[in-house]
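Written below as structure tokens is the structure these notes are about.
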Amino acid sequence: MLDCKHVVDELSNYLDDEVAAALRQEIGAHLGECRTCRALYDSTRRILRIVTDSRSFDIPEEVSERIVQRLMKKIEP
Amino acid sequence: MGFFREVEQPAAFQPFVALRETLGFVPNLFRAQTLLPRVIEAEARVAAAVLFNAGALSRIQKECILLKVAAAQRNAYCVAAHWQVLRGLGVPEERLERVVRAHRAAELPADDHALLDFSLRLSRHPTWVGARDLDTLRELGLTDRQILETVLVAALTEFLCTLSTGVGAVPDVTPPVAFDTAGAGDAAGAGATAGAGEAAGVRLGTAAEAPWDAPPPAGHAASAGPYLATAGLRPETFPPFAFFRERFGFIPGIFRAQTLCPDVLDAEAEMVGTVLLKEDLLTRTQKEYILLAISATNLNTYCVAVHCEMLRNLGIPDDLSDQIAVDHHLAGLSPADTALLDFALTLARRSAAFGADDIAGLLRHGFSEEQALEAVVMTALTRFLNTLQMGLGTRPDFRPRRAFPVERVNPRTAAAGPTDEAMGHLHGEGPEPDPDDDLVTLARARDAKAFGELVRRHAGRVHRTVFGIVRNAEDAEDAMQDALLRAYQSLDDFRGTARFSTWLTRIAVNAGLDKVRARKTHDSLDDLRDDAEDGEFQPRFVQAWGPAASPAASDDPERAHARAERRALVEAALLTLPLKYRLAVMLRDIQQMSTEEAAAALGLGVPTLKTRLLRGRLMLREELAPHFQRRPADAWRDGDA
Numbered sequence: 032m033l034d035c036k037h038v039v040d041e042l043s044n045y046l047d048d049e050v051a052a053a054l055r056q057e058i059g060a061h062l063g064e065c066r067t068c069r070a071l072y073d074s075t076r077r078i079l080r081i082v083t084d085s086r087s088f089d090i091p092e093e094v095s096e097r098i099v100q101r102l103m104k105k106i107e108p
Numbered sequence: 003m004g005f006f007r008e009v010e011q012p013a014a015f016q017p018f019v020a021l022r023e024t025l026g027f028v029p030n031l032f033r034a035q036t037l038l039p040r041v042i043e044a045e046a047r048v049a050a051a052v053l054f055n056a057g058a059l060s061r062i063q064k065e066c067i068l069l070k071v072a073a074a075q076r077n078a079y080c081v082a083a084h085w086q087v088l089r090g091l092g093v094p095e096e097r098l099e100r101v102v103r104a105h106r107a108a109e110l111p112a113d114d115h116a117l118l119d120f121s122l123r124l125s126r127h128p129t130w131v132g133a134r135d136l137d138t139l140r141e142l143g144l145t146d147r148q149i150l151e152t153v154l155v156a157a158l159t160e161f162l163c164t165l166s167t168g169v170g171a172v173p174d175v176t177p178p179v180a181f182d183t184a185g186a187g188d189a190a191g192a193g194a195t196a197g198a199g200e201a202a203g204v205r206l207g208t209a210a211e212a213p214w215d216a217p218p219p220a221g222h223a224a225s226a227g228p229y230l231a232t233a234g235l236r237p238e239t240f241p242p243f244a245f246f247r248e249r250f251g252f253i254p255g256i257f258r259a260q261t262l263c264p265d266v267l268d269a270e271a272e273m274v275g276t277v278l279l280k281e282d283l284l285t286r287t288q289k290e291y292i293l294l295a296i297s298a299t300n301l302n303t304y305c306v307a308v309h310c311e312m313l314r315n316l317g318i319p320d321d322l323s324d325q326i327a328v329d330h331h332l333a334g335l336s337p338a339d340t341a342l343l344d345f346a347l348t349l350a351r352r353s354a355a356f357g358a359d360d361i362a363g364l365l366r367h368g369f370s371e372e373q374a375l376e377a378v379v380m381t382a383l384t385r386f387l388n389t390l391q392m393g394l395g396t397r398p399d400f401r402p403r404r405a406f407p408v409e410r411v412n413p414r415t416a417a418a419g420p421t422d423e424a425m426g427h428l429h430g431e432g433p434e435p436d437p438d439d440d441l442v443t444l445a446r447a448r449d450a451k452a453f454g455e456l457v458r459r460h461a462g463r464v465h466r467t468v469f470g471i472v473r474n475a476e477d478a479e480d481a482m483q484d485a486l487l488r489a490y491q492s493l494d495d496f497r498g499t500a501r502f503s504t505w506l507t508r509i510a511v512n513a514g515l516d517k518v519r520a521r522k523t524h525d526s527l528d529d530l531r532d533d534a535e536d537g538e539f540q541p542r543f544v545q546a547w548g549p550a551a552s553p554a555a556s557d558d559p560e561r562a563h564a565r566a567e568r569r570a571l572v573e574a575a576l577l578t579l580p581l582k583y584r585l586a587v588m589l590r591d592i593q594q595m596s597t598e599e600a601a602a603a604l605g606l607g608v609p610t611l612k613t614r615l616l617r618g619r620l621m622l623r624e625e626l627a628p629h630f631q632r633r634p635a636d637a638w639r640d641g642d643a
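Taken in sequence, the protein lines are chains A and C.
Under the numbering used here, the final residue of the first sequence carries the number 108; numbering is consecutive throughout.
Under the numbering used here, the final residue of the second sequence carries the number 643; numbering is consecutive throughout.
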């Protein structure tokens, strides 16, 4: 079986579904047995969902429009 | 009766049934390991294969070797147990007394004397053993099979002695009186082995009286092994070899040299599988550290070479392995791993000083009782393998580097390049058309309105990118302005090899970095390189997600905080990350770019991006997890991992 370090090393790829099928299976098996890695995996997955959905650093509409207007003045003939 | 908690085993637990049948009782040595019944099974199989199975040596010969070596190791437990066994086999007490005190004075056949001499030499001066010693045995008419069995019994004795000390096994019967003065007649030079014999005030003899203590002649060192004949066993027809080849990618020489005893090999393979390869308690890497550190102090070149190689294939850099072999205290290991190696080395090298305090110390570092017991068994296994190797004279296996099944042993290597899936995503059915293509074509023809449309489409992306770098609204607006103008001015450079959005992001990254540089503050850009210098990131917060105070907090963490509050938490956490990790997470997880796009936008290779992404995500998780779950932070590897 894989050891915890390898599972942690592959955690990101595993979350992104970017591991080969055989390795994916081994990681899955490890997560089924190892509480620590399971906790790490679960919480990272949930945190990433929060991060992805957070709309962090979205640009306020008025700022966006101000920048576009200023830019257009510079580039329009 | 020992350092570890006893767990009642079912009446039908096979090793105990077999021990009751063979010995009439279950030795405390095994009772003390009931926390790990699988280990008892593996040990019992090896012990039975070495001692009980019919072979070229008689059972009494084997037990005498064991008794003699255990006495030389000053191990009361093993001496008492095997004295008892030999008495049961009908050997008179006086003869046993002679074997323990002065075997050369015992009335034994010449070859028995020689086997005891050789076993003592192997136990006390393993590095001195050479082809010459085996020739001496052969001259007396001993066969290679008999010599192999002798080496195995000596190695098993080292194993059992280490184990009994490590688990604190209380002797099953009172040790014989002879043990108190063991070796008084023949343990010459005992002072050379730490602890052994010194307490008994033994008389130092001459080399003639104690040939096992005589140093080898000059030029002897590292004489060519392996010393013993072998039988032609092949992995196709011999399962233990198939097992080694599958798990290690090669069949280690130490096992190839024992083919005269195939039943023992079978038991050893099971022992390796059970003790070394199981990963639910100590990790494979921690176990390899133990093997490496002890083998190094035993000056066992073979085992050091093999286990450095194994660590390399587990992703451990060579210089770290070298440092562990030289002095693990300077290797920058975690305090827990350092304590683990201190523990193993004390048990292996200074068994007289080992005690319950050492176990307690390990538990204080967060190891569980089961893990501490596994460390004891690993230490015993290492001494077994070290002794075996010295007796067999195998040469280091240098083949493994390429033969290892990379995907199994080192997933990191396997994943160093883009995986098939990732490549398929990029190239499998050809890249999807860039939705910006039409507008880009117009913009390149200096259609300002088309470019304005592209800017509106990607304003969010550019803003997030530059904000993630400059970390304040004012600079972000400036940097964004710069980025967009630069993009417009260099549209002719856009070749369409990447998506427009990726190309634009790369320009935004550069504009953001320029802004930070221009600011000349201490927000250093130095950390954009040198990933290797950052060392290992150890997640500390490994609390399971639930159960939380309210279902809302555990099942749907999003609901535990209002949307605006959540966003503020995420932004604050993101801004605490070092720049290079922040950028990787920003592009991949906030911007939702693919791994390849994010790597391209940052001008990095995919493996580097992935490394930074992993670390960034773990750091982010470390920052954020406490806000989204109930229980306080816990320590990494809190013992029940």
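Where is the CB? At the ideal position from N, CA and C, for every residue including glycine.
Asked                                                                                                                                                                          : Found
Using a 10 Å radius around the Cβ and a threshold of 16 neighbouring Cβ atoms, would you call C:Thr381 buried or exposed?                                                      : buried
In or out: C:Ser1 buried (at least 16 other Cβ within 10 Å) or exposed?                                                                                                        : The shown model of chain C, from 3 to 643, leaves out residue 1 of chain C, and the question about it has no answer.
Mind the definition here: the stretch 9-22 of chain C touches the stretch 154-163 of chain C only if three or more C-beta pairs lie below 8 angstroms; say whether that holds. : no
Report the three-state DSSP secondary structure of C:Pro337 (helix, strand or coil).                                                                                           : helix
According to the neighbour-count rule (16 or more other Cβ atoms, all chains shown, within 10 Å of its Cβ), is C:Thr129 buried or exposed?                                     : exposed
Name the chain C residues whose beta carbon is nearer than 7 angstroms to that of A:Lys105?                                                                                    : Leu487
Alpha carbons only, please: which of C:Asn30, C:Lys612 and C:Asn388 is nearest the one belonging to C:Leu124?                                                                  : C:Asn388
For C:Glu151, which option in C:Trp85, C:Cys66 and C:Phe345 has the closest C-alpha, if you only look at C-alpha atoms?                                                        : C:Cys66
Exposed or buried, what is C:Lys582 when buried is set at 16 or more other beta-carbons lying within 10 Å of its beta-carbon?                                                  : buried
Our contact map puts C:Arg47 next to C:Glu272 with C-beta atoms below 8 angstroms; I'd like the distance itself, whole angstroms only.                                         : 6 angstroms
Would you check if the distance between the CB atom of C:Ala50 and the CB atom of C:Asp174 is smaller than 8 angstroms?                                                        : no
For a cutoff of 8 angstroms on Cβ pairs, would you count A:Leu102 as touching chain C?                                                                                         : yes
Does the beta carbon of C:Arg286 sit closer than 8 angstroms to a beta carbon anywhere in chain A?                                                                             : yes
Look at the Cβ atom of C:Asp215, then the Cβ atom of C:Arg126, and state whether they are nearer than 8 angstroms.                                                             : yes
For A:Lys105, count neighbouring C-beta atoms within 10 Å of its own C-beta (all shown protein chains included) and say buried if the count is 16 or more, exposed if not.     : exposed
For a contact meaning CB atoms closer than 7 angstroms, what does A:Leu42 contact in chain C?                                                                                  : Leu616
So C:His465 contacts chain A; which residues on that side make the cut at Cβ distance below 8 angstroms?                                                                       : Phe88, Asp89, Ile90, Val94 and Ser95
In whole angstroms, what is the alpha-carbon distance linking A:Pro91 and A:Ile81?                                                                                             : 20 angstroms
Starting from A:Arg110, trace the alpha helix (DSSP H) both ways and give me its first and last residue.                                                                       : What the structure shows of chain A is the stretch from 32 to 108, and residue 110 of chain A is not part of that stretch, so it cannot be assessed.
My output table needs one value for C:Met312: the three-state DSSP class, helix, strand or coil.                                                                               : helix
Rounded to whole angstroms, what's the CA-CA distance from C:Arg504 to C:Arg488? Just pull it up for me.                                                                       : The sequence shown places Thr at residue 504 of chain C, not Arg. Roughly 15 angstroms separates the two Cα atoms.
Can you list the residues of chain A that C:Glu573 reaches, using a CB-CB cut of under 9 angstroms?                                                                            : Ser85, Ser87 and Phe88
Mind checking C:Phe5: buried by the 16 CB within 10 Å criterion, or exposed?                                                                                                   : buried
Which residues of chain A have a Cβ atom closer than 8 angstroms to the Cβ of C:Gly454, listed in chain order?                                                                 : Val99, Leu102 and Met103
Give me the Cα-Cα distance between C:Asn315 and C:Asp440, rounded to the nearest whole angstrom.                                                                               : 49 angstroms
With a cut-off of 8 angstroms, does the C-beta of C:Ala627 fall near any C-beta of chain D?                                                                                    : Within the model displayed, chain D is absent; protein chains A and C are what it includes.
Pull out every residue of the stretch 57-85 of chain A whose Cβ sits closer than 9 angstroms to any Cβ of chain C, in chain order.                                             : Glu57, Ile58, His61, Glu64, Cys65, Arg66, Thr67, Cys68, Arg69, Ala70, Leu71, Asp73, Ser74, Thr75, Arg77, Ile78, Leu79, Arg80, Ile81, Val82, Thr83, Asp84 and Ser85
Could you give the C-beta distance for C:Asp146 and C:Leu230, rounded to a whole number, given that I count them as a contact under 8 angstroms?                               : 5 angstroms
Give the straight-line distance between the Cα atoms of C:Gln35 and C:Ile62, rounded to the nearest whole angstrom.                                                            : 27 angstroms
Please state the DSSP three-state secondary structure of C:Phe120.                                                                                                             : helix
Out of C:Glu599, C:Gln594, C:Arg590 and C:Ser370, state which residue places its alpha-carbon closest to the alpha-carbon of C:Gly618.                                         : C:Arg590
Taking only three categories from DSSP, how would you classify C:Met588?                                                                                                       : helix
Taking 8 angstroms as the CB-CB limit, is C:Glu431 close to chain A?                                                                                                           : Low per-residue confidence applies at C:Glu431: pLDDT is 37, beneath 50, and the placement is therefore not dependable, though the value from the model is reported in the following sentence. Chain A, which has no Cβ nearer than 8 angstroms to the Cβ of C:Glu431, makes this no.
Taking the alpha-carbon of C:Val93 as reference, which of C:Ala358, C:Leu110 and C:Ala78 has the nearest alpha-carbon?                                                         : C:Leu110
Would the beta-carbon of C:Lys64 fall within 8 angstroms of that of C:Leu53?                                                                                                   : yes
Can you give me the start and stop residues for the alpha helix (DSSP H) that C:Cys163 sits inside?                                                                            : Asp146 to Val169
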